[in-house]
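Below: the structure, in structure tokens.
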Amino acid sequence: MTLFRPCIDLHQGKVKQIVGGSLNDTGAKENFISDYDAAYYANLYREHALTGGHVIALGKDPENKLEALSALRAYPNGLQYGGGVTVKNAADYLKAGASHVIVTSYLFENGEFSWDRLDQIKRETGTERLVLDLSCRRVGESWFIATDRWQTITSTEVNMENLVELANHCDEFLIHAADVEGLQAGIDEKLVTLLGQGCPIDVTYAGGARSLADLKRVHELSNGQVDLTIGSALDIFGGHGVTLDDCISWNTQQ
Numbered sequence: 001m002t003l004f005r006p007c008i009d010l011h012q013g014k015v016k017q018i019v020g021g022s023l024n025d026t027g028a029k030e031n032f033i034s035d036y037d038a039a040y041y042a043n044l045y046r047e048h049a050l051t052g053g054h055v056i057a058l059g060k061d062p063e064n065k066l067e068a069l070s071a072l073r074a075y076p077n078g079l080q081y082g083g084g085v086t087v088k089n090a091a092d093y094l095k096a097g098a099s100h101v102i103v104t105s106y107l108f109e110n111g112e113f114s115w116d117r118l119d120q121i122k123r124e125t126g127t128e129r130l131v132l133d134l135s136c137r138r139v140g141e142s143w144f145i146a147t148d149r150w151q152t153i154t155s156t157e158v159n160m161e162n163l164v165e166l167a168n169h170c171d172e173f174l175i176h177a178a179d180v181e182g183l184q185a186g187i188d189e190k191l192v193t194l195l196g197q198g199c200p201i202d203v204t205y206a207g208g209a210r211s212l213a214d215l216k217r218v219h220e221l222s223n224g225q226v227d228l229t230i231g232s233a234l235d236i237f238g239g240h241g242v243t244l245d246d247c248i249s250w251n252t253q254q
């Protein structure tokens, strides 16, 4: 069954919602900047027993790490962590309270997927605490993994063959549709359909969700095999499309 998965996105040391495709070295187009810190949201999710969410540090600002660590302390083993994860620090984030670490850019060298790096990080985390972030951008009628703040499109396609192969090496996939992330213009229905066609492990999709109806739509398109993260449209992030209470009720009914 499709479930709502919560998120905490950090940029420049603040909890924000941004337009994903706008993120670069100088900043990003911002939809929302919270007056609350990351620990506030972590406590909110813990109080409502929302599981499988993630805290993502966007960019290299050291304040991001401090905020992320405070969120992990507030909700130990309740949040996955992503953002600059490498073989050198993956175990540290797990010890700090992350249920899983989320990895993308580290797995690529010169735009090519590195199986050696995947093996290295698996030795630190085990497959059971590793999430592969296969966030992607559309190229024609296909999708390719995008790294470096979704600005570098790699040669690795998001297709069922690759999903099945990579599923042997991790516990879950996290997939942002970077072209629609933060736009509240609707989900990428073709991508969600692809992800629901037989991916053997849990998948969380993010990008474009704008209402409670999108949870139902993802459930229909994926046969209940894909979960959904809602960000900019959510009331706790300044949105007007859906409330957190609505999402909690949806999960309870599934």
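Start counting the sequence shown at 1; every next residue gets the next number (full-length UniProt numbering).
The beta carbon of each residue, even a glycine, is placed where N, CA and C say it ideally should be.
With Gln120 as the anchor, note down where its alpha helix (DSSP H) starts and where it stops. Numbered from 1 along the sequence shown, position 120 holds the residue referred to as residue 120. Where Gln120 is concerned, the enclosing alpha helix (DSSP H) stretches over Trp115 to Thr125.
Determine the closest residue to Asp133 out of Glu172, Ile153, Met160 and Gly241, with distance taken between C-alpha atoms. In the sequence shown, counting from the first residue as 1, residue 133 sits at position 133. Closest by alpha carbon: Glu172.
Can you give the beta carbon distance from Ala38 to Ala68, rounded, assuming they're within the 8 Å contact cut? By 1-based counting over the sequence shown, the position of residue 38 is 38. By 1-based counting over the sequence shown, the position of residue 68 is 68. The pair is a contact, with the Cβ atoms about 6 Å apart (cut-off 8 Å).
3-residue-minimum beta strand (DSSP E) runs that sit fully inside the region 200 to 251, ordered along the chain: 202 to 206 and 226 to 229
Just the Cα atoms here: how many angstroms apart are Arg5 and His48? By one-based count along the sequence shown, residue 5 stands at place 5. By one-based count along the sequence shown, residue 48 stands at place 48. Rounded to the nearest angstrom, the two C-alpha atoms are 12 Å apart.
Start and end of the beta strand (DSSP E) containing Ala132? Counted from its first residue, the sequence shown places residue 132 at position 132. The amino acid occupying residue 132 in the given sequence is Leu; Ala does not appear at that position. Here the beta strand (DSSP E) through Leu132 covers Leu130 to Asp133.
Determine whether the beta carbon atoms of Leu228 and Ala209 lie at a separation below 7 Å. In the sequence shown, counting from the first residue as 1, residue 228 sits at position 228. In the sequence shown, counting from the first residue as 1, residue 209 sits at position 209. Contact: yes.
Starting from Val15, follow its DSSP beta bridges and name the residues at the other end. As a first step, residue 15 is located in the sequence shown; it is residue number 15 there, counting from the start. Partner(s): Leu10.
Does DSSP put Trp150 in a helix, a strand or coil? Here residue 150 refers to the residue found at position 150 of the sequence shown. The answer is coil: DSSP assigns Trp150 none of H, G, I, E or B.
State yes or no: is the C-beta of Gly126 within less than 7 Å of the C-beta of Ser155? The sequence position of residue 126 within the sequence shown is 126, counting from 1. The sequence position of residue 155 within the sequence shown is 155, counting from 1. No, they are not a contact pair.
List, from N- to C-terminal side, the alpha helix (DSSP H) runs of 4 residues or more that fit wholly inside the region 36 to 87. 38 to 47 and 62 to 74
Can you check whether the CB of Val180 is closer than 7 Å to the CB of Leu212? As a working mapping, residue 212 is identified with position 212 in the sequence shown. As a working mapping, residue 180 is identified with position 180 in the sequence shown. Against a cut-off of 7 Å, the Cβ pair of Val180 and Leu212 comes out as no contact.
For Ala91, which of helix, strand or coil comes out of DSSP? Along the sequence shown, read from residue 1 onward, the residue named residue 91 stands at position 91. Ala91 falls in the helix class under three-state DSSP.
Can you name the start and end residues of the alpha helix (DSSP H) that Val164 belongs to? The sequence position of residue 164 within the sequence shown is 164, counting from 1. Its alpha helix (DSSP H) spans residues Met160 to Leu166.
Buried or exposed for Gln80, going by 16 or more other Cβ atoms inside 10 Å? Start at 1 with the first residue of the sequence shown, and residue 80 comes out as number 80. Buried, by the Cβ-count rule.
Check Thr193 in the structure and name its three-state DSSP category. Taking the sequence shown and counting its residues from 1, the one referred to as residue 193 is at position 193. In the structure shown, Thr193 sits in a helix (DSSP, three-state: H, G or I).
Relative to the alpha-carbon of Gly78, which residue among Lys95, Met1, Val85 and Glu63 has its alpha-carbon at the smallest distance? By one-based count along the sequence shown, residue 78 stands at place 78. Checked all of Lys95, Met1, Val85 and Glu63; the closest Cα to Gly78 is Lys95.
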